[in-house]
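J.: After the structure tokens below, expect a handful of questions from me.
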Amino acid sequence: AATGIGVVGGTHIATAADTLTAITHATGGIAIAETNAVTLSSVVANNGAIDITAGGTITATAVSVTNAAAANDIAITASAGDIAVGIIDAGSTGGITLEATAGSVTDNNATATADITCDNLAITALNSIGASGNSLDTAVASISLSSAGTTLTNDIYILEADTVTISALSHGTSAGDVSITTTDGPV
Numbered sequence: 630a631a632t633g634i635g636v637v638g639g640t641h642i643a644t645a646a647d648t649l650t651a652i653t654h655a656t657g658g659i660a661i662a663e664t665n666a667v668t669l670s671s672v673v674a675n676n677g678a679i680d681i682t683a684g685g686t687i688t689a690t691a692v693s694v695t696n697a698a699a700a701n702d703i704a705i706t707a708s709a710g711d712i713a714v715g716i717i718d719a720g721s722t723g724g725i726t727l728e729a730t731a732g733s734v735t736d737n738n739a740t741a742t743a744d745i746t747c748d749n750l751a752i753t754a755l756n757s758i759g760a761s762g763n764s765l766d767t768a769v770a771s772i773s774l775s776s777a778g779t780t781l782t783n784d785i786y787i788l789e790a791d792t793v794t795i796s797a798l799s800h801g802t803s804a805g806d807v808s809i810t811t812t813d814g815p816v
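Residue numbers (our numbering): 630 to 816.
Below you can see the structure in the form of structure tokens.
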């Protein structure tokens, strides 16, 4: 699209697709309300925010903002199922919010390169965030994590590329591991 697709903070475009490609070429965000599970094969906002909700698992293969700015944030919410992260990139000044209200947030590409790049990252999941042997790989300045479940093992595994500030950490009442490590710098 030449400008926005839907209105972030307003009317979302309703979809019922298995795979979604959405690209803006000028100023404008992307706001999508997907009915079911969806693969975000290429979602790129040239200069705007991205807000995607789905009623099933979201596989975020490639989601990014081309012109990073503090207002060009990315929000992805799965009301059922997981969020499987490939690459989500808001640049060094944008924020990213991931919320899996009934599932987990997982690393979908199993590489050591950053899955998530942004300034401020907030992840909320009913179940786990990352997994043992397959941490979510991040390149962020600050991180807020909440794994809220009470009946499943709620693990949190983050591998950060450099120094990171933990702004909030909430772990459910069930047993689970918390591992936040950096490859270069303090936590």
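A virtual CB, placed ideally from N, CA and C, is assigned to each residue, including glycine.
For asparagine 676, which residues does DSSP report across the bridge?
T.: In DSSP, asparagine 676 forms a bridge with Thr656 and Gly657.
J.: List the DSSP bridge partners of serine 757.
T.: Its beta-bridge partners do not exist; DSSP assigns none.
J.: Could you pull the DSSP bridge partners for glycine 724 from this structure?
T.: For glycine 724, which the question treats as bridged, DSSP gives the partners Asn749.
J.: Cβ atoms of leucine 750 and isoleucine 725: under 8 Å apart, would you say?
T.: Yes, the Cβ-Cβ distance between isoleucine 725 and leucine 750 is below 8 Å.
J.: Are any of the Cβ atoms in chain B nearer than 8 Å to that of threonine 686?
T.: The structure shown contains no chain B, having only a single protein chain.
J.: Does the beta-carbon of leucine 798 have 16 or more other beta-carbons within 10 angstroms, so that it is buried, or is it exposed?
T.: Answer is exposed; the Cβ neighbour count stays below 16.
J.: Exposed or buried, aspartate 791, counting other C-beta atoms within 10 Å across all chains shown (16 or more means buried)?
T.: It is exposed - the Cβ of aspartate 791 has fewer than 16 other Cβ atoms within 10 Å.
J.: For asparagine 756, count neighbouring C-beta atoms within 10 Å of its own C-beta (all shown protein chains included) and say buried if the count is 16 or more, exposed if not.
T.: The residue is buried, with at least 16 neighbouring Cβ atoms inside 10 Å.
J.: Measure the Cβ-Cβ separation of asparagine 675 and alanine 655 and say whether it is below 8 Å.
T.: Yes, the pair counts as a contact, with Cβ atoms nearer than the cut-off.
J.: Expressed to the nearest angstrom, what Euclidean distance is found between the alpha-carbon atoms of alanine 754 and glutamate 728?
T.: Their Cα atoms are separated by approximately 6 Å.
J.: Have a look at His641, Ala662, Ser670 and Asn665 and flag the residue whose alpha-carbon is nearest the alpha-carbon of isoleucine 652.
T.: Ranking His641, Ala662, Ser670 and Asn665 by Cα distance to isoleucine 652 puts Ser670 first.
J.: What does DSSP give as the partner residues of valine 807 in its beta bridges?
T.: Answer by DSSP bridge pairing, in chain order: Ile785.
J.: What residue does the beta strand (DSSP E) around isoleucine 712 start on, and which one ends it?
T.: Run containing isoleucine 712: 712–718, per the beta strand (DSSP E) assignment.
J.: With H, G and I counted as helix, E and B as strand and the rest as coil, what does DSSP make of asparagine 665?
T.: It is coil, neither helix nor strand.
J.: Using the Cβ count rule (16 or more neighbours within 10 Å means buried), how would you classify threonine 742?
T.: Exposed: under 16 other Cβ atoms inside 10 Å.
J.: Could you check if asparagine 696 is buried or exposed, using at least 16 other CB atoms within 10 Å of its CB as the buried criterion?
T.: Asparagine 696 should be labelled exposed.
J.: In the DSSP assignment, what are the bridge partners of histidine 800?
T.: For histidine 800, which the question treats as bridged, DSSP gives the partners Ser776.
J.: Candidates Gly723, Val667 and Ile758: which alpha carbon is nearest alanine 689's?
T.: For alanine 689, the nearest C-alpha among the options comes from Val667.
J.: May I ask you to report which of helix, strand or coil DSSP gives asparagine 701?
T.: Asparagine 701 falls in the coil class under three-state DSSP.
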